[in-house]
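Asks: Under mature numbering (1 follows the signal peptide of the UniProt record, and there is no 0), the letters of the sequence shown match residues -37 to -1, 1 to 404, in that order. Don't be surprised by glycine CBs; every beta carbon is placed ideally from N, CA and C. Treat the numbers as computed from the prediction; the structure is a model and nothing was measured. This is the structure I have questions about; it appears just below.
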Amino acid sequence: MLINSKNIVHKMSRFYKLCVAIVLSLTLLVSSSQVKAQDAAAGGAPAADAAAPAGGGDVEKGKSLFTNNCAQCHAVTAEKVVGPGLKGIEERAPSKDWLHKWIRNSSALIASGDAYANQVFNANGKVQMSSFPNLSDADIDGILAYVDQASKPAAVASVAGADNTKNAGGAGGAGPSTGGPSELFTFVLVALLIVMLLVLGVLLAIVTILSKAVTPATADGTLAASSFGQRLKTGLSDAFNNPTLRSIVIWLFLLVVTKATIDGAYSVGVQQGYAPKQPIAYSHKLHAGQYKIDCNYCHTGAQKGKSATIPSANICMNCHGVIKKESPEIQKIYTAIEKNQPIEWVRVHNLPDLAYFNHAQHVNVGNVACQTCHGEIEKMEVVEQRSSLTMGWCIDCHRRTEVNTKDNAYYDKLVALHKKESKDALKVANIGGLECSKCHY
């Protein structure tokens, strides 16, 4: 019996070493593929740099100048915003020197009777372009270089791809590098399949060894000739009829069901992560993030009322009566105004009727930032509910948040009384923030 046990252990040891060797080989293979894919991706960067415009301008500086001075009225594409799109501007203009004069003082160029200047002025509804006398020739060249580069993304990508193909071919004729991720994906799939087969093999080996180990021996030392299926059936039957084991299984089942029920009950009405599609594709990332439009400009009630309010169409028209009027999304606003119909926005943050919440109390008095409850709204293309907005979430906030009592005589007596009882700062919880009637009425 001892000899048989040693043989079994020896076989298991050899099988285990074989499995480890195969898994390590697969790991190295996948790692090698990842390195190749990363090297190929890294090789494409110089090609993109090589494709930069040769106009002599500083592209990075030009990008900064364009964003700060031009992006409000012009797009780097052919799309018209307030002024015309700037794609191909150097080819359209009479000369680069003319562009320098136009950007510094377009009014003077129009007044001088320049034919092309007056043509551009009339073609864009006689909207006067801002003058930028402080921009140097190098600054303007940088802006033009950035516009030229940004308006040709496909060309840059094509040149980068061609250079990567050339480099790959020179290194060994392996073809374009874009095949790297596909090959990596294939390797990962094959590796996962092999690992699954190995696990299955290990399980089968363990079951076989255990079945031999528990098989009763006859008087002469040989194994009894009973089938594995019969032994398995007998073992399962004994386990099922064991009252202790049966009780454990039933209690575990009841505990799992109870926990799932409680978790489900707590999640009722919680819509964290909810991000519905809106009737108009409005981007907070563009308006609040890139253009830094204050939240209160559109949500006029946040500082003075219970609801922050959804902006009416006329607020949109304060800007879009001039800017991007041709956009299909902006046209939806025009249609709503013409038909005298409200825009049916889908509400994202929705508290139950049994809970009272006042925006002005938090935003105006408490100086709570919008991001505290709504998340980084200035980075969202589509608004989603970032916080759970449950009662526990609100109470935790009231326990953590200190009351801003500076230069506010209303809190002087409360602060004096609080200091007599505690050395900690005055929190919202200390002035009734945990009272049921504050939110439920």
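Okay, do the stretch 290 to 303 and the stretch 240 to 260 touch, 3+ Cβ pairs below 8 Å being the bar?
Replies: yes
Asks: Would a check of beta-carbon distances place T40 closer than 8 Å to chain C?
Replies: The structure shown has no chain C; it contains just one protein chain.
Asks: Rank I296, Y109, F84 and L160 by C-alpha distance to the C-alpha of S27 and give the top, closest one.
Replies: Numbered from its first residue, the sequence shown carries residue 27 at position 64. Minimum Cα distance to S27 is reached at Y109.
Asks: Please report the residue range of the alpha helix (DSSP H) in which S351 lies.
Replies: Mapped onto the sequence shown, residue 351 falls at position 388. Looking at the DSSP string, S351 is not in any alpha helix (DSSP H), and its letter there is neither H nor E.
Asks: Could you give the C-beta distance for Y237 and Q348, rounded to a whole number, given that I count them as a contact under 8 Å?
Replies: Mapped onto the sequence shown, residue 237 falls at position 274. Mapped onto the sequence shown, residue 348 falls at position 385. Contact holds; Cβ gap of about 5 Å.
Asks: Could you check which residue in P305, H381, F84 and C402 has the C-alpha nearest to that of T353?
Replies: Counted from its first residue, the sequence shown places residue 353 at position 390. Taking only the C-alpha atoms, the option nearest T353 is C402.
Asks: To which residues of the same chain is C399 closer than 8 Å at the C-beta, ignoring the five residues directly before and after it?
Replies: Taking the first residue of the sequence shown as 1, we reach residue 399 at position 436. None.
Asks: By the 10 Å Cβ neighbour count, where 16 or more other Cβ atoms means buried, how is N393 classified, buried or exposed?
Replies: For this step, residue 393 is matched to residue 430 along the sequence shown. Classification of N393: buried, given that the 10 Å Cβ count is 16 or more.
Asks: What is the residue span of the alpha helix (DSSP H) that R209 lies within?
Replies: Here residue 209 corresponds to residue number 246 of the sequence shown, with the count starting at 1. DSSP places R209 in the uninterrupted alpha helix (DSSP H) bounded by P206 to Y229.
Asks: Given this structure, state the Cα-to-Cα distance separating N313 from G338, to the nearest angstrom.
Replies: Position 350 of the sequence shown, counted from the first residue, corresponds to residue 313. Position 375 of the sequence shown, counted from the first residue, corresponds to residue 338. Distance between the alpha carbons of N313 and G338 is about 15 Å.
Asks: Under three-state DSSP, which class holds H262?
Replies: Here residue 262 refers to the residue found at position 299 when the sequence shown is read from its first residue. H262: coil per DSSP, three-state reduction.
Asks: Could you check if A5 is buried or exposed, using at least 16 other CB atoms within 10 Å of its CB as the buried criterion?
Replies: Taking the sequence shown and counting its residues from 1, the one referred to as residue 5 is at position 42. Summary for A5: the model assigns pLDDT 41, below 50, so the residue's position carries little reliability; its value from the coordinates is reported in the next sentence. Under this definition A5 is an exposed residue.
Asks: With 16 other CB atoms within 10 Å as the buried threshold, where does L380 fall?
Replies: One-based indexing of the sequence shown puts residue 380 at position 417. Exposed.
Asks: Pick helix, strand or coil for E398, following the three-state DSSP scheme.
Replies: The residue labelled residue 398 in the question sits at position 435 within the sequence shown. In this structure, E398 counts as coil in the three-state DSSP scheme.
Asks: Please state the DSSP three-state secondary structure of K248.
Replies: The sequence position of residue 248 within the sequence shown is 285, counting from 1. Correct three-state label for K248: helix.
Asks: Between the Cα of P57 and those of G227, K43 and L72, spot the shortest distance and give me the residue it belongs to.
Replies: Indexing the sequence shown from 1 puts residue 57 at position 94. Nearest of G227, K43 and L72 to P57, Cα basis: L72.
Asks: Which residues in the same chain have their Cβ closer than 7 Å to the Cβ of H250, if we skip the five residues on either side of it in sequence?
Replies: As a working mapping, residue 250 is identified with position 287 in the sequence shown. Cβ contact annotation for H250 (same chain, cutoff 7 Å, sequence separation greater than five): I256, in chain order.
Asks: So, helix, strand or coil for K295, using DSSP?
Replies: Mapped onto the sequence shown, residue 295 falls at position 332. Looking at K295 - three-state DSSP - the assignment turns out to be helix.
Asks: In whole angstroms, what is the alpha-carbon distance linking Y260 and V311?
Replies: Here residue 260 refers to the residue found at position 297 when the sequence shown is read from its first residue. Here residue 311 refers to the residue found at position 348 when the sequence shown is read from its first residue. Rounded to the nearest angstrom, the two C-alpha atoms are 19 Å apart.
Asks: Ordered along the chain, which non-local residues of its own chain (more than five positions away) have a Cβ less than 8 Å from that of Y404?
Replies: Here residue 404 refers to the residue found at position 441 of the sequence shown. Correct list, in chain order: Y319.
Asks: Count the CB pairs spanning the stretch 271 to 288 and the stretch 368 to 383 that are closer than 8 Å, and state whether there are at least three.
Replies: no
Asks: Short check: CB of H283 to CB of I300, under 8 Å?
Replies: As a position in the sequence shown, residue 283 is number 320, starting the count at 1. As a position in the sequence shown, residue 300 is number 337, starting the count at 1. It is not a contact, given that the beta carbons lie outside the stated cut-off.
Asks: Considering only the beta carbon of each residue, do S114 and T30 sit closer than 8 Å?
Replies: For the purposes of this step, residue 114 is identified with residue 151 of the sequence shown, where counting begins at 1. For the purposes of this step, residue 30 is identified with residue 67 of the sequence shown, where counting begins at 1. Taking 8 Å as the Cβ cut-off, S114 and T30 do not qualify as a contacting pair.
Asks: Nearest to P315 by CA position, among V90, V231, V151 and V328, is which residue?
Replies: The residue given as residue 315 occupies position 352 in the sequence shown. Taking only the C-alpha atoms, the option nearest P315 is V231.
Asks: Taking its Cβ as the centre, do 16 or more other Cβ atoms sit within 10 Å of G192, making it buried, or is it exposed?
Replies: The residue you call residue 192 lines up with position 229 of the sequence shown. Exposed is the call here.
Asks: Under a Cβ-count criterion, where at least 16 other Cβ atoms within 10 Å of its own Cβ denotes burial, should V83 be classed as buried or exposed?
Replies: Looking up residue 83 in the sequence shown gives position 120. V83 is buried by the Cβ-count criterion.
Asks: Relative to the C-alpha of W65, which candidate in N87, I103, K50 and V44 has its C-alpha closest?
Replies: In the sequence shown, counting from the first residue as 1, residue 65 sits at position 102. Closest option to W65, Cα to Cα, is I103.
Asks: Could you have a look at K43 and say whether DSSP puts it in helix, strand or coil?
Replies: Locating residue 43 in the sequence shown gives position 80, where the first residue counts as 1. DSSP places K43 in strand when its eight states are reduced to three.
Asks: Just confirm the distance between the C-beta atoms of G268 and A323, as a whole number of angstroms; I'd bet it's less than 8 Å.
Replies: Here residue 268 refers to the residue found at position 305 of the sequence shown. Here residue 323 refers to the residue found at position 360 of the sequence shown. Confirmed, Cβ separation roughly 6 Å.
Asks: When you compare only the Cα positions, how much space is there between T207 and V162?
Replies: As a position in the sequence shown, residue 207 is number 244, starting the count at 1. As a position in the sequence shown, residue 162 is number 199, starting the count at 1. So the alpha carbons of these two residues sit roughly 31 Å apart.
Asks: With DSSP run on the structure shown, which of helix, strand or coil describes K26?
Replies: To locate residue 26, count along the sequence shown from 1; it is residue 63. Three-state DSSP puts K26 in a helix.
Asks: Within the continuous alpha helix (DSSP H) that includes residue 405, where are the two ends?
Replies: The shown model of the chain, from -37 to 404, leaves out residue 405, and the question about it has no answer.
Asks: Going by the beta-carbon positions, is the gap between R209 and F203 smaller than 8 Å?
Replies: The count along the sequence shown starts at 1 and reaches residue 209 at position 246. The count along the sequence shown starts at 1 and reaches residue 203 at position 240. Contact: yes.
Asks: Does the beta-carbon distance from V90 to K287 come in below 8 Å?
Replies: Within the sequence shown, numbered from 1, the residue matching residue 90 stands at position 127. Within the sequence shown, numbered from 1, the residue matching residue 287 stands at position 324. It is not a contact, given that the beta carbons lie outside the stated cut-off.
Asks: Are the CB atoms of N68 and S94 nearer to each other than 8 Å?
Replies: By one-based count along the sequence shown, residue 68 stands at place 105. By one-based count along the sequence shown, residue 94 stands at place 131. Yes, they are a contact pair.
Asks: Per the DSSP calculation, E365 is bridged to which residue(s)?
Replies: Position 402 of the sequence shown, counted from the start, is the residue given in the question as residue 365. Beta-bridge pairing links E365 to K390.
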